Amino acid sequence: MFLPCLLYLIIFQLVPDLGDVISFENYLPFIGFIHSQWVGFDNFGYLLTDSSVLQAAKNTGELWLLQTIFYFPAPIILALILNGLIDSKLRRAIQSLVTLPHFLAWTVIVTLYNQLFGRLGTLNQLLQAAGARPVDVVTNPAIFKLMMTAQLIWKETGWGTIIYLAALLMIDVQLYEAAAVDGANWLRRLWHVTMPGMVFIISLFLILQIGQLTTTGGEQVLLQRDAVGPRAADTLYTLSLIHISEPTRQAE
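Per the working numbering, residue 21 is the first one in the sequence shown, and the count goes up by one each step.
Written out as structure tokens, the structure reads:
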């Protein structure tokens, strides 16, 4: 019974890991890793000294930290708010509304973002009509990471509430009733009943969030890096994609 799982692990996890040998080669895709030149630890020395890689690592850490601080608790807070609504129809309507952005592609979201906050976007047109100066949002490197975090919150918070709402439904209602009888207000019920009931799923998703450190950004940042420049926008993930698309660096 365990054999299919073992075969899956070997074929799709262990065997692909053998491809990590390209880290020690000047890998050229058209000749394969067998015939590519062996360069030892030169690639690692390049990573630790190249200014673009170090800047991308800094951007990755900052963006991941912002997303952990602001995005990670957002689905939890929204789930608690929705769970507190008495009207089930209203709760389902709000949940459906906030989940909808998850199904929009990043290209669509970036287009909407530019239409709203671009130099000729809706926001600046309204400001100019009111006699105010336009604001630089899309091409401002100083707030780029904050805007990326705001986009992620808008897109994925509703989808993230699904699991947390399921965890809230698993909490025994009698625990709330017992706490209320003992005189616990809503804050104490939240702290002593709700949060312990959600601690496992929160811990699990926090571990997954930590594991996503090196893949932070991705398509979202790649689509918008040209607006603010690579110094402000490049992450390790986008930098790796750009290097793959460019001619492979020749070994010295």
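Every residue gets a Cβ at the ideal spot worked out from N, C-alpha and C, and that includes glycine.
Just so you know, these numbers come straight off a predicted model, no measurement behind them.
C-alpha distance - residue i paired with residue j, whole-angstrom precision
i: D62; j: F32; result: 29 Å
i: T131; j: L140; result: 13 Å
i: L26; j: G249; result: 45 Å
i: I221; j: A247; result: 37 Å
i: I42; j: F53; result: 6 Å
i: I106; j: R251; result: 48 Å
i: T258; j: Y66; result: 17 Å
i: L256; j: W126; result: 19 Å
i: N46; j: T69; result: 17 Å
i: T159; j: Q115; result: 32 Å
i: A204; j: W211; result: 10 Å
i: L120; j: S71; result: 40 Å
i: Q57; j: L117; result: 54 Å
i: H55; j: L48; result: 9 Å
i: T229; j: L85; result: Rather than Thr, the amino acid found at residue 229 in this sequence is Gln. Cα to Cα, the separation comes out at about 10 Å.
i: G39; j: Q244; result: 31 Å
i: A76; j: S223; result: 28 Å
First and last residue of the uninterrupted alpha helix (DSSP H) at residue i
i: W126; result: W126 to F137
i: S108; result: S108 to T119
i: Q244; result: First-last for Q244: undefined, no H or E at that position.
i: Y16; result: Residue 16 lies beyond the range of the chain shown here (21 to 272); nothing can be said about it.
i: T142; result: T142 to A149
i: Q33; result: Per DSSP, Q33 belongs to no alpha helix (DSSP H) and is neither H nor E.
i: T169; result: F164 to L189
i: N103; result: P93 to N103
i: I227; result: M215 to G231
i: P250; result: P250 to A253
In DSSP terms, what residue i is bridged to
i: E45; result: W58
Residues near residue i in its chain [Cβ-Cβ closer than 8 Å; skip 5 each side]
i: A200; result: R209
i: R153; result: L147
i: L261; result: L242
i: Y196; result: R209 and V213
i: V59; result: F44, E45, N46 and A271
9 Å Cβ cutoff, residue i in contact with chain B
i: V213; result: The structure shown contains no chain B, having only a single protein chain.
Chain-order list of residues whose beta-carbon lies under 7 Å from that of residue i (same chain, five-residue window excluded)
i: I173; result: F90, Y91 and A94
i: V241; result: M168, A253, T255 and T258
i: G138; result: V158
Nonlocal neighbours in the same chain, by C-beta distance under 6 Å from residue i, ignoring five residues either side
i: I191; result: G217
i: I227; result: none
Across the stretch 81 to 90 and the stretch 176 to 188, are there enough close Cβ pairs to call them in contact, namely three or more that are closer than 8 Å?
no
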